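All remarks here apply to the structure that follows.
Residue numbers (my numbering): 2 to 225.
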């Protein structure tokens, strides 16, 4: 994926693999060494690609390319956020999605959400992702078997990590990386995969709920 053009999916996959190795008990020194080698490799692939290098320079504000073409997508996304204000322009009333923001239905759909629902809508989405991360962390910590703990941590790294990359890209905190926003971006295969993952999360939560010891019933009081 990194050798090809799909850097975003490659980064998400690296996060999942690193989480699995950490949860399986790999020593931190070895994990950091592998991470350093991987960082050097990714940096080399970025620098060898003219498109990726241009995106990094545009993100740093050094060069936006001829005619501001490289910065166009991110600048339009920020403008969509600014158009929303506190309460947004209303559901379905976005103007920036009509040929202004590239990939408005997919990678940059969060900017359209910010335009239509405003800062309060954006804050609500962030809170929901935070609650999902907290719930998945709670299930992983309370898991009694190693399989459930590792798999739940990997699912958390995937869904929450990919959400962080997407939100960072749209908000300008990260360079433009093409990954969809889970649960919100269009795409049947992506939605199917996330739905299956959430099915396992709900199944693990149900099993833990059933395994909880029930409080004994108190004996009825007798009249003296």
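Quick reminder that beta carbons are idealized off the backbone N, C-alpha and C, glycines included. This one's a predicted model, so the numbers in the text were calculated from it and none came from an experiment.
* Asked: Would DSSP call residue 20 helix, strand or coil?
  -> helix
* Asked: From 153, 156, 126, 151, pick the residue whose C-alpha is nearest to that of residue 168; which is it?
  -> 126
* Sort 210, 35, 103, 137 by Cα distance to residue 178 and report the nearest one. => 103
* Asked: alpha helix (DSSP H) containing residue 192: first to last residue?
  -> 189 to 212
* From residue 12 to residue 159, what distance separates their C-alpha atoms? -> 10 Å
* Asked: Taking residue 184 as the reference, which of 203, 111, 28 has the closest Cα?
  -> 111
* To do: Sort 196, 209, 87, 191 by Cα distance to residue 142 and report the nearest one.
  => 209
* Asked: Would residue 121 pass as a contact of residue 82 if the rule is Cβ separation under 8 Å?
  -> no
* State buried or exposed for residue 92, treating a residue as buried only when at least 16 other CB atoms are found within 10 Å of its CB. => exposed
* **Range covered by the alpha helix (DSSP H) that runs through residue 150** => 147 to 172
* To do: From the DSSP output, in three-state form, read off residue 179 for me.
  => coil
* When DSSP labels each residue in this structure, what does residue 71 get in the three-state scheme? -> coil
* Below 8 Å on the Cβ atoms is my guess for residue 202 versus residue 156; work out the distance and round it to an integer in Å. => 7 Å
* **With 16 other Cβ atoms within 10 Å as the buried cut-off, status of residue 145** => exposed
* To do: Go ahead and label residue 94 buried or exposed: buried means 16 or more other beta carbons lie within 10 angstroms of its beta carbon, across all protein chains shown.
  => exposed
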